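The sequence shown maps to residues 10 to 289 in my numbering.
Think of the CB as a built atom: it goes at the ideal place given N, C-alpha and C, for glycine as much as any other residue.
Predicted model only: the values in this text are computed from it and were never measured.
These notes concern the structure reproduced below.
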Amino acid sequence: MPTSTDLRIESFTKKGDASLNEDALIINEALQVYGVVDGATSLTPYRNQEGFTGGYIAGRLVASSFERMNQDLSLEQVVLEANKTLQEQMVTEGVDINDSAALWSAACVVIRIHPYSIEYIQAGDCMLLCQYKDGSVRVLTHPQVAHVDQKTLDRIAGLRNQGVVDPIEIRQHLMPFLQENRKKTNTLEGYGVVNGSLSFPHFLEKGTFNRANLKSLYMVSDGLFTVLTSWSDLVASIDKQGLTGFAESIFKMEEADGELLQFPRVKRSDDKTGIVLHFP
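And the structure:
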């Protein structure tokens, strides 16, 4: 089993165009647990006394749960406990936990390195990919929010065709639609996400795969695949530019596309977080 000194680790996180970076990195070298978390932008105006949004709080809670986890627990046990704690915090803050659109939430992908295998859990659209020594790329997870995002992009295109082009006005038109989408979290019509819901355990993705001939692991939040052509291309671009160089190149493309036309998306620039593990 590789030690933390055997692994070559690349990590990156950067705030998008919002006031806070709701993404978070997980680097627990003692237990060889690594991952990325993407707090979902809140649809309600909640902020705590420190000015933190629900998405920021959810993201940091999930990340900290893995950074201080008990070594005897599985990744699944840790994330389910974090989900429970998140619900408790929302109740304490007076959040209506029966209103899915008001829930604080976070997507995540987390791995733990074992002597002969990799354990992982995933929720939302944070992605886990691996590359083998022969250069082949394997996609271990599914971007669960993709179908919802596509409907949102289709709605934006429709608004533009009607002459609505101002980003603020588009957001106002989208809000009822976005709130309706949030009601589909942790349901068969939607996607799994950490949001305190009692249904979350049914929608958590989890598994293990063996480490034979494993070269590298890639964990990324959705802000790093804004201009995705294929998962193999994403891996190749990260390998060529380095994780930081790749992330900064995405940011520059987004900045040059201020009207969100060349690369259709909801935000000008989303938070970007990734971690790459290179095995000896």
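Simplified DSSP state of residue i, which is helix, strand or coil
i: Leu29; result: coil
i: Leu70; result: helix
i: Ala110; result: helix
i: Tyr65; result: helix
i: Phe21; result: strand
i: Val244; result: helix
i: Gly48; result: strand
i: Asp269; result: Rather than Asp, the amino acid found at residue 269 in this sequence is Leu. Leu269: coil per DSSP, three-state reduction.
i: Gly254; result: helix
i: Pro176; result: helix
Range covered by the alpha helix (DSSP H) that runs through residue i
i: Gly167; result: 155–170
i: Leu138; result: Taken as a continuous stretch (DSSP letters only), Leu138 belongs to no alpha helix (DSSP H), being part of the beta strand (DSSP E) at 136–141.
Bridge partners - residue i, DSSP secondary structure assignment
i: Asn37; result: Val42
i: Phe288; result: According to DSSP, Phe288 bridges with nothing at all.
i: Lys281; result: Lys23
i: Ile122; result: Ile127
i: Ala115; result: Gly48, Val203
i: Arg147; result: Cys139
Rounded distance between the beta-carbons of residue j and residue i, thought under 8 Å
i: Leu213; j: Ile130; result: 6 Å
i: Thr161; j: Val236; result: Going by Cβ atoms, the distance from Thr161 to Val236 rounds to 17 Å, so no, they are not a contact pair.
i: His292; j: Leu168; result: Lying before the first or after the last residue shown, residue 292 is absent from the chain, which here runs from 10 to 289.
i: Val203; j: Asn92; result: 5 Å
i: Arg135; j: Asp47; result: The amino acid occupying residue 135 in the given sequence is Cys; Arg does not appear at that position. Yes, they are in contact, since the Cβ atoms of Cys135 and Asp47 sit about 6 Å apart, within 8 Å.
Terminal residues of the beta strand (DSSP E) in which residue i lies
i: Glu97; result: Run containing Glu97: none in the beta strand (DSSP E); it sits in the alpha helix (DSSP H), 84–101.
i: Ala132; result: 126–132
Whole alpha helix (DSSP H) runs in the segment 178–242 with 4 or more residues, listed along the chain?
The qualifying runs are 209–212.
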